[in-house]
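Enquirer: Attaching a single structure in structure tokens format; questions to follow.
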Amino acid sequence: MENTTPQNQSNTTLSNVKPGDTVVSKQAHLPGELPGKKASPMEQNKKPILQIQGLTKNFTNFTAVNNVDLTIYEGEIFALLGSSGCGKSTLLRMLAGFEHPSAGHIILDGEDIVDLPPYKRTLNMMFQSYALFPYMTVRQNIAFGLKQEKLPKDVINERVDKMLKLVHMEEYVDRKPYQLSGGQRQRVALARSLAKEPRLLLLDEPMGALDKKLREQMRLELVDIINSVGVTCLMVTHDQEEAMTMADRIAIMDRGEFVQIGGPREIYENPNCKFSAEFIGSVNMFECTLTTSSLERSIIACNDFERPIELQHDIDIADGMPLSIALRPEKVYISHEEPEEETNWCSGIVENIAYLGDISIYYVRLPSGRIITSTLPNVDRFKVGLPTWDDRVYLSWDPESCIALTF
Amino acid sequence: MAAVTYGSVKRPGSKGHRPPPRFVPAKKISWRERAIILVPYLWMILFFLIPFLIIFKISFSITEIAIPPYSPIITFEEGAMQIILHLENYTNIFTDPDGTYLRSYLKSIQVAAFSTVLCLIIGYPIAWALATSKSATRNILFLLIIMPSWTSFVVRIYAWMTILKRNGIINDILMTLGIIDSPIHMLQTDLAVYIGIVYCYLPYMVLPLFSALMKVDNSLIEAAQDLGCRPIKTFFKALVPQTRSGIIAGSMLVFIPAIGEYVIPELLGGKDSILIGRILWQEFFNNRDWPLASAVAITMLAIMAIPIIWFFKNQRKSGGKA
Chain A
1 MENTTPQNQS NTTLSNVKPG DTVVSKQAHL PGELPGKKAS PMEQNKKPIL QIQGLTKNFT
61 NFTAVNNVDL TIYEGEIFAL LGSSGCGKST LLRMLAGFEH PSAGHIILDG EDIVDLPPYK
121 RTLNMMFQSY ALFPYMTVRQ NIAFGLKQEK LPKDVINERV DKMLKLVHME EYVDRKPYQL
181 SGGQRQRVAL ARSLAKEPRL LLLDEPMGAL DKKLREQMRL ELVDIINSVG VTCLMVTHDQ
241 EEAMTMADRI AIMDRGEFVQ IGGPREIYEN PNCKFSAEFI GSVNMFECTL TTSSLERSII
301 ACNDFERPIE LQHDIDIADG MPLSIALRPE KVYISHEEPE EETNWCSGIV ENIAYLGDIS
361 IYYVRLPSGR IITSTLPNVD RFKVGLPTWD DRVYLSWDPE SCIALTF
Chain B
1 MAAVTYGSVK RPGSKGHRPP PRFVPAKKIS WRERAIILVP YLWMILFFLI PFLIIFKISF
61 SITEIAIPPY SPIITFEEGA MQIILHLENY TNIFTDPDGT YLRSYLKSIQ VAAFSTVLCL
121 IIGYPIAWAL ATSKSATRNI LFLLIIMPSW TSFVVRIYAW MTILKRNGII NDILMTLGII
181 DSPIHMLQTD LAVYIGIVYC YLPYMVLPLF SALMKVDNSL IEAAQDLGCR PIKTFFKALV
241 PQTRSGIIAG SMLVFIPAIG EYVIPELLGG KDSILIGRIL WQEFFNNRDW PLASAVAITM
301 LAIMAIPIIW FFKNQRKSGG KA
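Sequences listed follow chains A and B, in order.
Going by the numbering used here, 255 is the number at position 255 of the first sequence; the sequence numbering is gapless.
Going by the numbering used here, 207 is the number at position 207 of the second sequence; the sequence numbering is gapless.
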């Protein structure tokens with residue numbers, strides 16, 4: 001799996017790795033703050049704006065969304081993350097009112113909107129294709145929603161001007177959508193969906209129609225605009241990087257159900273199951289057996305390693321039971337010297353090195369035949385003494401880097 | 001091949017993007033391609049342009065009892081070539097004391113326009129049903145729309161005569177049900193003409209509408225709803241603009257032939273519904289006044305062509321992609 005998440009840009013180097021050095025952060029769009037450490041909305045005493053209760057959508061031969069509960073708090077950016085067909089789009093369309101749920105409630109601002117038609121819902125959506133009216137100018141597109149409210153003309157004009165300024169599109173008022181670039185179209189679409197000052201903004205794959213370079217730039221710009229307006233935002237994406245960069249909280253969805261809900265950092269550092277660990281970022285996953293577990297120490301045996309894995313907490317399963325250990329590649333240290341510790345390391349031969357520019361990925365073959373990946377930031381790439389092809393290396397990790405997953 | 005350069009160069013300091021240039025690569029057309037293009041050209045020249053020029057020529061002569069029944073325009077007298085253009089036919093059309101010609105023009109345009117609107121109102125839901133149906137049902141629906149045109153046009157109009165006449169099916173049913181006491185006079189009224197035209201031309205409205213509806217971007221409809229449009233407003237703000245090309249094409253396909261329609265008003269219409277097609281027939285065959293009939297035909301063409309050309313010109317100006 002591709003792994004270019006900002007997490008890899010940690011300042012660890014080969015020689016002086018210490019556990020605390022790994023800086024895992026959401027891209028710092030708010031300087032001086034680590035958004036991953038942001039207090040959760042519940043802790044901030046924010047009030048819930050959207051509550052989804054037991055929402056289900058059955059199609060003729062499958063269930064797209066299965067009995068889902070979710071609460072979204074005022075002012076947060078929430079991402080529904082999942083691969084295609086996981087039901088995230090259906091969920092979004094039910095919120096917008098384009099699909100009628102088979103069961104459940106959608107409560108927006110204390111009012112159940114399940115039976116309201118789309119045009120009566122106080123939320124707006126930015127479509128994946130932007131859905132700008134091709135026969136209207138930028139101004140007409142942005143004014144469209146306001147005209148439906150029968151607002152006086154000067155109020156509409158004022159609001160449209162404000163929106164144009166917000167998205168920096170003042171110069172393009174009289175253009176038709178086909179005369180705009182992809183990024184400009186997206187801004188117009190955003191302005192149009194914000195013009196009505198919705199209680200909740202829905203974003204359907206907001207970056208889906210942009211190329212990679214523009215995508216990275218627009219992510220932060222979009223977040224800035226959304227934050228400056230202060231609108232609560234629910235986005236749907238299949239791009240984990242996008243979700244991690246933009247969202248305050250993420251829900252990982254699979255087969256119509258939520259697998260895990262949490263902040264980007266929480267989801268990355270503490271996945272609650274194999275699916276979530278493998279879905280976000282790359283991971284080395286090992287099938288192991290629990291040898292012993294006490295309050296401070298758990299010893300785990302893995303067929304792939306000569307040495308046991310040691311964790312500094314207990315695991316809530318019986319001794320001798322199988323479990324999985326997830327290990328992020330950037331938390332696997334690679335060295336020529338044999339570690340002194342008794343546990344948490346293994347040896348292998350460097351099979352391959354993938355150079356990705358910012359990082360290199362080492363593929364190390366263990367005696368068992370398993371390949372384990374370890375990433376290394378490339379600040380030290382050309383330093384002498386780095387492991388190279390066919391070198392015998394030792395891979396080690398800190399006890400807290402291992403995530404024990406029981407399902 | 002020469003390097004392709006685009007028309008617009010971004011100047012330093014000029015902010016933003018220019019609209020993408022309309023670029024048509026200068027491509028050499030091979031003789032093969034020319035030969036293929038030539039076929040439709042030949043067809044149009046042989047079966048449209050030449051007959052048109054003949055009619056145009058006849059419209060400037062006067063009627064004579066001869067074969068052909070009109071005076072030659074170009075005569076040779078004593079070695080000198082003489083061209084005489086008679087404009088009486090055109091002036092007659094406009095100065096006719098009864099206003100027969102102008103009235104029938106207006107009547108034709110009125111009937112054609114109203115029929116077009118009726119076809120649009122009836123055809124749109126049909127096209128919508130076609131476009132949104134599953135492919136299996138769609139084939140059946142298509143067949144139902146196209147199948148009537150497998151039988152002869154005249155036969156179908158005669159069928160309508162038996163349906164609409166005094167002791168026809170409709171009157172019979174209504175009388176037996178006791179809804180009416182005496183038969184309704186339907187045949188030989190404008191109503192019958194409208195029924196006939198709408199019935200015959202509906203497929204020509206439905207098919208372009210259908211193909212336009214198939215290309216509709218559904219997200220625009222959802223966007224309109226999302227931004228607060230009720231269903232009817234959504235229809236006019238999101239669906240109609242997207243299917244504009246289909247609406248125009250369908251309307252043209254109904255309006256233009258309906259203006260010159262002869263068979264339907266002749267068989268279903270009353271004595272008072274004198275449409276331009278019937279005038280043409282009378283002048284050509286009853287009065288044997290070929291020059292006047294030609295002038296009537298040319299004038300009709302002009303009446304139709306001018307708004308259409310104006311329309312398409314306008315279209316291009318306001319154009320862009322839509």
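Where a beta carbon is used, it is the ideal one built from N, C-alpha and C, also for glycine.
With DSSP collapsed to three states, give me the class of PHE142(B).
Expert: Of the three classes helix, strand and coil, the one that applies to PHE142(B) here is helix, per DSSP.
Enquirer: Starting from PHE62(A), follow the alpha helix (DSSP H) in both directions and report where the run begins and ends.
Expert: Taken as a continuous stretch (DSSP letters only), PHE62(A) belongs to no alpha helix (DSSP H), being part of the beta strand (DSSP E) at 62-73.
Enquirer: Which residue wins for smallest C-alpha separation from ILE93(B), given the options ASN167(B), VAL254(B), ILE298(B)?
Expert: The candidate whose alpha carbon is nearest that of ILE93(B) is ILE298(B).
Enquirer: For the pair the segment 239-256 of chain B and the segment 113-125 of chain B, tell me if three or more CB-CB distances fall below 8 Å.
Expert: Cβ pair count under 8 Å is three or more, so yes.
Enquirer: When you compare only the Cα positions, how much space is there between LYS147(A) and MET126(A)?
Expert: Those two C-alpha atoms are separated by around 18 Å.
Enquirer: Using a Cβ cut-off of 9 Å (strictly closer), state whether PRO329(A) contacts chain B.
Expert: Not an interface residue.
Enquirer: Quick one: which unbroken alpha helix (DSSP H) runs of 4-plus residues sit fully inside the segment 95-138 of chain A? Chain order, please.
Expert: Those alpha helix (DSSP H) runs which fall completely within the segment 95-138 of chain A and span 4+ residues do not exist here.
Enquirer: Rounded to whole angstroms, what's the CA-CA distance from ALA143(A) to LYS313(B)? Just pull it up for me.
Expert: The alpha-carbon atoms of ALA143(A) and LYS313(B) are separated by roughly 29 Å.
Enquirer: Following a CB-centred definition, is TRP290(B) positioned closer than 8 Å to any heavy atom of the ligand MG?
Expert: For the structure depicted, the ligand MG is absent and the ligand set is empty, with no information on it obtainable.
Enquirer: Roughly how many whole angstroms lie between the Cα atoms of TRP310(B) and ARG244(B)?
Expert: One C-alpha to the other measures close to 17 Å.
Enquirer: Step through the CB atoms of chain B and report whether any lies within less than 9 Å of the CB of LYS153(A).
Expert: False, the Cβ-Cβ gap to chain B never drops below 9 Å.
Enquirer: What is the rounded straight-line gap between the Cα of ALA131(B) and the Cα of PHE279(A)?
Expert: The straight-line gap from Cα to Cα measures roughly 39 Å.
Enquirer: What separation, rounded to the nearest whole angstrom, lies between the Cα atoms of MET304(B) and GLN188(B)?
Expert: If I take the Cα positions, the gap works out to 26 Å.
Enquirer: At the level of alpha carbons, what is the spacing between MET244(A) and ILE403(A)?
Expert: Using only the alpha carbons, I get a separation of about 20 Å.
Enquirer: From the DSSP output, in three-state form, read off THR132(B) for me.
Expert: THR132(B) falls in the helix class under three-state DSSP.
Enquirer: According to DSSP, what are the bridge partners of SER374(A)?
Expert: According to DSSP, which records beta bridges pairwise, SER374(A) is partnered with TYR362(A).
Enquirer: Would you check if the distance between the CB atom of CYS439(A) and the CB atom of PHE78(A) is smaller than 9 Å?
Expert: There is no way to answer for residue 439(A), as the model of chain A reaches only from 1 to 407.
Enquirer: Please list the residues of the segment 234-266 of chain B that have a C-beta atom closer than 9 Å to any C-beta atom in chain A, keeping them in chain order.
Expert: Under the 9 Å Cβ criterion, the segment 234-266 of chain B contributes THR234, LYS237, ALA238, PRO241, GLN242, ARG244.
Enquirer: Please compile the residues from chain B whose C-beta is within a distance smaller than 8 Å of the C-beta of SER129(A).
Expert: Ordered by position in chain B, the residues that pass the 8 Å Cβ test against SER129(A) are ASP217, SER219.
Enquirer: Quick one: measure Cβ to Cβ for ILE317(A) and THR343(A), integer angstroms, because I've assumed they're closer than 8 Å.
Expert: Their Cβ separation, rounded to whole angstroms, is 19 Å, which puts ILE317(A) and THR343(A) out of contact at 8 Å.
Enquirer: Tell me THR75(B)'s beta-bridge partners as DSSP assigns them.
Expert: DSSP lists GLN82(B) as partners of THR75(B).
Enquirer: Taking 7 Å as the limit between beta carbons, can you name the residues of its chain near PRO69(B), skipping five residues before and five after?
Expert: Correct list, in chain order: THR63, ARG288, TRP290.
Enquirer: Is there a Cβ from chain A that is less than 9 Å from the Cβ of LEU227(B)?
Expert: At least one chain A Cβ lies under 9 Å of LEU227(B).
Enquirer: Whole angstroms is fine: what's the gap from CYS302(A)'s alpha carbon to GLN240(A)'s?
Expert: Their Cα atoms are separated by approximately 30 Å.
Enquirer: Could you tell me whether the Cβ of LEU132(A) comes closer than 9 Å to any Cβ of chain B?
Expert: Judged by the 9 Å Cβ criterion, LEU132(A) is in contact with chain B.
Enquirer: Counting pairs of beta carbons, one from the segment 263-276 of chain B and one from the segment 132-142 of chain B, are three or more of them closer than 8 Å?
Expert: Verdict: no, contact absent.
Enquirer: Give me the chain B residues within the contact set of LYS196(A), using Cβ-Cβ distance strictly less than 8 Å, ordered along the chain.
Expert: Correct list: LEU227, GLY228.
Enquirer: Please classify LYS57(A): does DSSP put it in a helix, a strand, or coil?
Expert: Looking at LYS57(A) - three-state DSSP - the assignment turns out to be strand.
Enquirer: Skipping 5 residues on each side, what residues in its chain have a beta carbon closer than 8 Å to that of GLY246(B)?
Expert: The residues are ALA127, PRO208, LEU209, PHE210, SER211, ALA212, LEU213.
Enquirer: Just to make sure I have the definition right: I need the residues of chain A whose C-beta is within less than 7 Å of the C-beta of ALA223(B). Which are they?
Expert: In chain order: PHE127, ALA131.
Enquirer: May I ask you to report which of helix, strand or coil DSSP gives SER115(B)?
Expert: The answer is helix: DSSP assigns SER115(B) an H, G or I state.
Enquirer: Measuring CA to CA, which of SER294(A), ASP391(A), GLN186(A), ILE325(A) is closest to GLN312(A)?
Expert: Of the listed residues, the one whose Cα sits closest to GLN312(A) is SER294(A).
Enquirer: Between TYR194(B), LEU202(B), THR95(B), which has its C-alpha nearest LEU144(B)'s C-alpha?
Expert: The residue with the shortest Cα to Cα distance from LEU144(B) is LEU202(B).
Enquirer: Which runs of the beta strand (DSSP E) at least 3 residues long sit entirely within the segment 250-276 of chain A? Give them in chain order.
Expert: As far as the segment 250-276 of chain A is concerned, its whole beta strand (DSSP E) runs of at least 3 residues are 257-262.
Enquirer: Going by alpha carbons, who is nearest to LEU55(A) out of SER102(A), ASN61(A), PHE62(A)?
Expert: LEU55(A) has its Cα closest to that of SER102(A), out of SER102(A), ASN61(A), PHE62(A).
Enquirer: Along chain B, in chain order, which residues have C-beta atoms closer than 8 Å to that of GLN148(A)?
Expert: What GLN148(A) touches in chain B: LEU227, GLY228, CYS229, LYS233.
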